[in-house]
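Visitor:
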């Protein structure tokens with residue numbers, strides 16, 4: 001079955017540590033997105049990418065970094081500069097070739113906590 | 116700029132009764148509108164979307180949504196609620212020609228047996 005795989009499901013970060021969240025899709029989608037979900041705040045966009053080797057900052061990019069070396073993969077690094085990283089992180093993808101009205105497909109998330 | 120508001124943090128409805136989850140939006144031009152559902156510790160699942168045309172959109176699991184341009188609303192409805200419909204529901208808006216989607220803060224639907 002095609003879909004989006006996020007790993008790990010749970011992740012713990014120590015003070016001063018960078019951690020990387022994995023996101024892989026086999027849907028052949030062009031665009032990929034990273035969102036942060038906090039209770040009562042909905043989803044906030046961190047970064048997105050429409051094509052390999054290119055990505056744009058979202059609304060809350062500070063303290064995060066991404067790469068898009070392959071169409072299938074869009075890893076997110078939470079750096080030590082992100083002072084409040086505890087959240088549920090969601091990766092999503094969408095087709096661009098069929099127009100701008102296509103829905104996003106989501107992975108099942110990674111829950112990041114501070115030790 | 117684009118924004119979406121879900122005025123109710125929680126909606127409670129008895130099983131078998133009709134349900135409505137409210138959404139209003141603000142966007143320049145004609146919008147694309149979406150509803151998603153999220154179960155605990157899972158990602159969002161797409162329910163339905165409005166692109167153009169008929170103001171009543173039918174989606175998955177018996178859900179439908181009514182687009183009202185004059186009231187800039189896109190309320191989610193279902194004629195008869197099931198306990199299994201209990202989840203978190205998100206409305207989302209997208210300006211045509213713009214890649215970013217803006218999500219609402221979510222409404223928790225509780226269907227009471």
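Chains as they are written, first to last, in my numbering: chain A, 1 to 115; chain B, 116 to 228.
We treat Cβ as the ideally placed atom computed from N, Cα and C, and that holds for glycine.
1. Should residue 153(B) and residue 202(B) be called a contact, given that it needs their Cβ atoms to be closer than 8 angstroms?
2. Which term fits residue 167(B), buried or exposed, when burial requires 16 or more other beta carbons within 10 angstroms of its beta carbon?
3. Examine the Cβ distances between the region 142 to 157 of chain B and the region 202 to 213 of chain B and report whether three or more of them are shorter than 8 angstroms.
4. Can you tell me whether residue 199(B) is helix, strand or coil according to DSSP?
5. Straight-line CA distance for residue 117(A) to residue 224(B)?
6. Candidates 109(A), 23(A), 42(A), 97(A): which alpha carbon is nearest residue 218(B)'s?
7. Exposed or buried, which one is residue 139(A) when buried takes at least 16 other CB atoms within 10 Å?
8. If you compare alpha carbons, which of 135(B), 228(B), 156(B) is closest to residue 177(B)?
9. For residue 75(A), I'd like the list of residues in its chain whose CB is within less than 8 angstroms of its CB, leaving aside the five on either flank, ordered along the chain.
10. Decide if residue 142(B) is buried, meaning its Cβ has at least 16 other Cβ atoms within 10 Å, or exposed.
11. Residue 78(A) and residue 63(A) - do their beta-carbons sit closer together than 8 angstroms?
12. Could you tell me which chain E residues have their CB closer than 8 angstroms to the CB of residue 108(A), listed as they occur along the chain?
13. If you compare alpha carbons, which of 114(A), 106(A), 99(A) is closest to residue 211(B)?
14. Mind checking if residue 101(A) is an interface residue toward chain B, Cβ cutoff 8 angstroms exclusive?
15. When the Cα of residue 48(A) is compared with those of 112(A), 115(A), 104(A), which residue comes out closest?
16. With 8 angstroms set as the bound, which would you pick, yes or no: does the beta-carbon of residue 176(B) sit closer than that to a beta-carbon of chain A?
17. Along chain B, which residues have their Cβ under 7 angstroms away from the Cβ of residue 2(A)?
18. Exposed or buried, residue 216(B), counting other C-beta atoms within 10 Å across all chains shown (16 or more means buried)?
Guide: This is what the structure gives:
1. yes
2. exposed
3. yes
4. helix
5. Summary: the structure shown does not reach residue 117(A), with chain A confined to residues 1 through 115, and so no result is reported for it.
6. 42(A)
7. Missing from the structure shown is residue 139(A); chain A here goes from 1 to 115 and no further.
8. 135(B)
9. 20, 21, 22, 23, 66, 67
10. buried
11. yes
12. The chain labelled as chain E is not found among the protein chains of the depicted structure, namely A and B.
13. 99(A)
14. yes
15. 104(A)
16. no
17. The premise fails here: residue 2(A) is roughly 14 angstroms from chain B at the closest Cβ pair, so nothing lies under 7 angstroms.
18. buried
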